[in-house]
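Protein chains in written order, with our numbering: chain A, 1 to 332; chain B, 333 to 651.
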């Protein structure tokens with residue numbers, strides 16, 4: 001349908017959730033994001049020739065990793081046509097919990113990591129219980145739980161601070177078998193996501209996101225699937241909060257504040273539809289990298305500092321809207 | 333009797349009103365003077381600021397198709413900044429400043445509306461992108477340093493008591509409430525908003541100009557954010573960077589507490605006004621109680637969840 005036509009005739013909206021979009025959109029919603037990422041990376045190389053050296057690549061990856069992990073988690077919730085606005089608050093809560101325990105227990109790193117993961121899983125479960133079982137609206141619920149989680153983070157650690165043993169952050173910033181630790185974390189997270197994608201749960205998740213009523217009628221345990229999506233989101237938010245411990249070597253109760261909207265942006269940039277059912281974790285990883293590289297490119301292009309925010313906002317708006325429009329063109 | 337009470341309790345406006353009165357009572361018990369007229373007036377002023385933002389949010393949400401406007405907070409900040417710099421404490425500059433700011437905020441909202449209708453970008457995505465652009469523009473204009481001050485006339489209009497010790501801003505809010513009630517119930521445009529929100533396909537077949545109506549709700553949301561920016565400037569006198577951020581998500585919550593369905597097509601502005609008062613009162617009660625910041629946030633979140641138990645839940649899936 002030509003674009004002007006869509007405006008002049010009020011065409012009835014095609015049923016969004018029981019469609020026959022082209023296979024390209026179903027199978028490879030991340031292709032566009034990959035193309036954008038390649039263009040950005042090429043620009044980055046042109047502006048900063050040592051972009052591809054081991055050290056710079058590792059430090060970029062290390063800077064992008066926390067948001068990438070949070071975006072992976074957000075993807076599962078969005079695939080079920082829900083949303084997680086508490087995502088950034090969980091990142092903060094896990095971050096301060098882990099640091100406080102590691103600091104207070106004289107370097108008991110294992111306990112701190114375990115507690116952080118436990119907190120993330122529990123927070124996700126709380127969201128999931130409200131949305132899936134009590135049938136609360138996802139936006140309102142996760143906003144409210146997010147405020148409460150932020151409060152808990154401030155209770156655990158009122159001000160940024162705390163310390164973790166040097167062994168923690170040196171091994172986070174270091175390498176293992178010639179591969180940076182941060183790359184191992186990303187590989188492990190991707191392997192985990194690939195594993196989930198092979199489970200029947202993942203098909204159920206996309207069915208729930210595509211058409212909840214139909215999924216229910218064909219015997220999918222809708223509530224359990226939505227709960228699981230929130231728990232997975234909490235798990236990845238926890239990984240993100242722990243990665244931030246390695247990155248900053250301290251705790252900050254406000255550190256995840258910007259992650260909520262950024263993770264949603266990354267998910268959409270990666271080609272996942274907010275209406276649910278269509279998308280991929282790979283796309284979200286690419287989306288998070290795109291966000292990181294946009295900042296890089298603007299910085300190395302030496303844009304005047306005052307203009308950087310506006311340029312960044314405009315590029316992201318273009319990428320977001322362009323992605324949606326092109327995905328639909330190739331899909332319908 | 334019980335059945336009647338049940339019917340009443342199913343109405344969000346009733347629930348919100350009861351919740352407001354309950355909060356006042358609890359506040360008065362815990363901290364005598366909380367429900368004093370002076371305190372209530374202060375709360376109404378703060379609620380008016382949130383309530384005017386929520387007016388635009390309400391229209392967008394009523395229009396359906398997952399309508400939501402995340403850019404409202406950034407437009408409030410931008411408008412307050414622009415208004416302050418165009419006025420520069422001079423009454424003579426005020427009319428021009430008000431017109432320029434309202435036009436600017438209307439156009440920003442319209443741009444979102446065009447993206448949502450012509451390019452069919454989901455509202456959350458479109459307004460999330462717009463939020464980044466407006467915040468970026470604000471950094472460019474302010475260079476990170478707040479500037480601009482309200483014209484004395486504006487401060488007087490907003491803050492000086494007019495009637496019953498109530499300052500002007502409260503009457504402006506009530507006037508907006510009345511205007512919106514008329515708009516939604518008595519004008520074709522208002523009825524069209526409900527029509528496209530309830531069933532877009534049916535509305536289109538009935539001849540409702542769907543894209544124009546929806547785009548206009550976004551433009552009006554921008555406009556109301558602009559109004560709030562000006563009122564905020566008048567209330568605080570000068571502007572701090574990011575002053576509007578605090579309105580983004582609470583404006584959505586006020587609409588939901590007021591009983592407008594996030595699915596669109598159902599609800600109204602009277603409930604939203606009650607929702608705004610409730611949110612402000614809840615925050616104020618937690619501040620008065622001298623609870624540390626973390627406790628305030630936890631209680632705030634938990635109270636919202638408890639209130640949501642009464643309504644706004646999804647239907648049970650049926651086979």
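Glycine residues also receive a C-beta, built at the ideal position from the N, C-alpha and C atoms.
Quick caveat: nothing in here was measured; it's all calculated off a predicted structure.
So the candidates are the options; which of them puts its Cα closest to the Cα of residue i?
i	options	result
residue 205 of chain A	A:277, A:304, A:234 and A:284	A:277
residue 377 of chain B	B:456, B:591 and B:499	B:499
residue 354 of chain B	B:385, B:609 and B:628	B:609
residue 157 of chain A	A:215, A:187, A:104 and A:213	A:104
residue 159 of chain A	A:328, A:253 and A:190	A:253
residue 381 of chain B	B:504, B:511, B:349 and B:600	B:504
residue 39 of chain A	A:313, A:286, A:305 and A:309	A:286
residue 403 of chain B	B:375, B:374, B:441 and B:413	B:441
residue 201 of chain A	A:211, A:190, A:191 and A:220	A:220
residue 359 of chain B	B:375, B:344, B:345 and B:347	B:375
residue 363 of chain B	B:630, B:618 and B:632	B:618
residue 32 of chain A	A:308, A:309, A:298 and A:267	A:267
residue 184 of chain A	A:237, A:243 and A:140	A:243
residue 228 of chain A	A:89, A:36 and A:122	A:122
residue 139 of chain A	B:623, B:506, B:507 and B:456	B:456
residue 54 of chain A	A:173, A:130 and A:146	A:173
residue 540 of chain B	B:553, B:591 and B:526	B:526
residue 109 of chain A	A:250, A:148 and A:270	A:250
Using the three-state DSSP reduction, which class does residue i fall into: helix, strand or coil?
i	result
residue 175 of chain A	strand
residue 296 of chain A	helix
residue 481 of chain B	strand
residue 1 of chain A	Confidence is the limiting factor: at residue 1 of chain A the pLDDT is only 35, short of 50, which leaves the residue's position unreliable and the question unanswerable from this model.
residue 180 of chain A	strand
residue 493 of chain B	strand
residue 539 of chain B	coil
residue 396 of chain B	coil
residue 419 of chain B	helix
residue 25 of chain A	Unreliable placement is indicated for residue 25 of chain A, whose pLDDT of 46 sits below 50; no coordinate value is reported for it.
residue 453 of chain B	coil
residue 149 of chain A	helix
residue 465 of chain B	helix
residue 105 of chain A	coil
residue 524 of chain B	helix
residue 642 of chain B	coil
residue 506 of chain B	helix
residue 606 of chain B	helix
Measuring only between beta-carbons, confirm whether residue i sits less than 8 Å from chain A.
i	result
residue 469 of chain B	yes
residue 502 of chain B	no
residue 574 of chain B	no
residue 646 of chain B	yes
residue 454 of chain B	yes
residue 603 of chain B	no
residue 404 of chain B	no
residue 313 of chain B	Past the edges of chain B, shown from 333 to 651, lies residue 313 of chain B, and the structure says nothing about it.
residue 460 of chain B	yes
residue 607 of chain B	no
Could you check whether the Cβ of residue i sits closer than 8 Å to any Cβ belonging to chain B?
i	result
residue 70 of chain A	no
residue 110 of chain A	no
residue 226 of chain A	no
residue 22 of chain A	Any answer about residue 22 of chain A is weak, because its pLDDT of 43 lies below 50 and its placement is not dependable; what the coordinates show is given next. No, no contact with chain B.
residue 314 of chain A	yes
residue 286 of chain A	no
residue 136 of chain A	yes
residue 143 of chain A	yes
residue 6 of chain A	Legend: pLDDT at residue 6 of chain A = 38, less than 50; position of this residue unreliable, no value from coordinates given.
residue 129 of chain A	no
Counting C-beta neighbours from all protein chains within 10 Å, is the total for residue i 16 or more, i.e. buried, or is it exposed?
i	result
residue 335 of chain A	Since the first and last residues shown for chain A are 1 and 332, residue 335 of chain A lies out of range.
residue 69 of chain A	buried
residue 137 of chain A	buried
residue 489 of chain B	buried
residue 427 of chain B	exposed
residue 296 of chain A	buried
residue 422 of chain B	exposed
residue 226 of chain A	buried
residue 305 of chain A	exposed
Could you name the residues that DSSP lists as bridge partners for residue i?
i	result
residue 287 of chain A	Residue 287 of chain A is not bridged to any residue.
residue 570 of chain B	B:481
residue 498 of chain B	B:495
residue 161 of chain A	A:251
What does residue i touch in chain C if you count any residue whose Cβ is under 7 Å from its own?
i	result
residue 475 of chain B	Among the chains of the structure shown, chain C does not appear; the protein chains present are A and B.
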